[in-house]
Amino acid sequence: QVQLVESGGGLVQPGGSLRLSCVTSGFAFSLTPMCWYRQAPGKERELVAGIPMSGDPIQYADSVKGRFTMSRDNAEKTVYLQMNSLKHEDTAVYYCNAYALLKNYWGKGTLVTVSS
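Residues 130 to 245 (the working numbering) are what the sequence shown spells out, left to right.
Spelled out as structure tokens, the structure:
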């Protein structure tokens with residue numbers, strides 16, 4: 130059974146930082162590219178970052194380049210999203226995504242709220 134469990138969201142002031150984690154199970158993590166998406170209120174879900182099996186190169190949405198860093202730990206079957214210099218417009222539910230076993234899998238998401 131494939132599972133993706135996000136954590137690390139919360140309320141943070143503009144300019145602050147958060148680190149999201151996504152713990153996975155049920156598939157060959159080390160052989161699977163992983164992505165982070167987000168969905169802001171009233172908007173469509175958008176790709177934030179994607180990391181290949183090898184861990185490099187990592188692709189980022191233009192809106193987060195230079196502020197967010199995605200990484201993976203194949204031994205822990207976990208991906209991370211380090212978010213720095215957070216802005217109001219980063220407020221969203223952040224989802225972990227994997228295309229594994231010929232299906233697209235999503236976690237339940239973790240809410241990030243950037244507000245003063």
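Heads up, the beta-carbon is just placed ideally off N, CA and C, and yes, glycines get one too.
Using CA atoms only, rank isn't needed, just tell me which of the options is closest to residue i.
i	options	result
leucine 160	Ile180, Tyr223 and Thr220	Ile180
phenylalanine 156	Gln132, Gly184, Glu173 and Pro186	Gln132
histidine 220	Gly238, Arg201 and Val243	In the sequence as presented, histidine is not what sits at residue 220; that position holds threonine. Here the closest residue by C-alpha is Val243.
leucine 210	Arg167, Phe158 and Leu140	Arg167
arginine 196	Glu175, Leu140 and Arg148	Arg148
On the premise that residue j lies in contact with residue i, defined as a C-beta separation below 8 Å, what is that separation, rounded to the nearest angstrom?
i	j	result
methionine 163	alanine 227	6 Å
arginine 189	alanine 204	The amino acid occupying residue 189 in the given sequence is tyrosine; arginine does not appear at that position. Contact doesn't hold; Cβ gap of about 24 Å is too wide.
In its own chain, which residues sit with a C-beta less than 7 Å from the C-beta of residue i, not counting the 5 before and 5 after it?
i	result
glycine 238	Glu135, Val222, Tyr223 and Tyr224
Residues in its own chain within less than 8 Å of residue i by CB, not counting five upstream and five downstream?
i	result
proline 186	none
Does the CB of residue i have a neighbour CB from chain B at under 7 Å?
i	result
glycine 145	Reference to chain B is not applicable here, since this structure consists of a single protein chain.
Can you tell me whether residue i is buried or exposed? The criterion is at least 16 other CB atoms within 10 Å of its CB, across all chains shown.
i	result
alanine 229	buried
serine 171	Note that residue 171 is glycine in the sequence shown here, rather than serine. So glycine 171 counts as exposed.
Cβ contact (3+ pairs, closer than 8 Å) linking the segment 206–217 and the segment 138–145: yes
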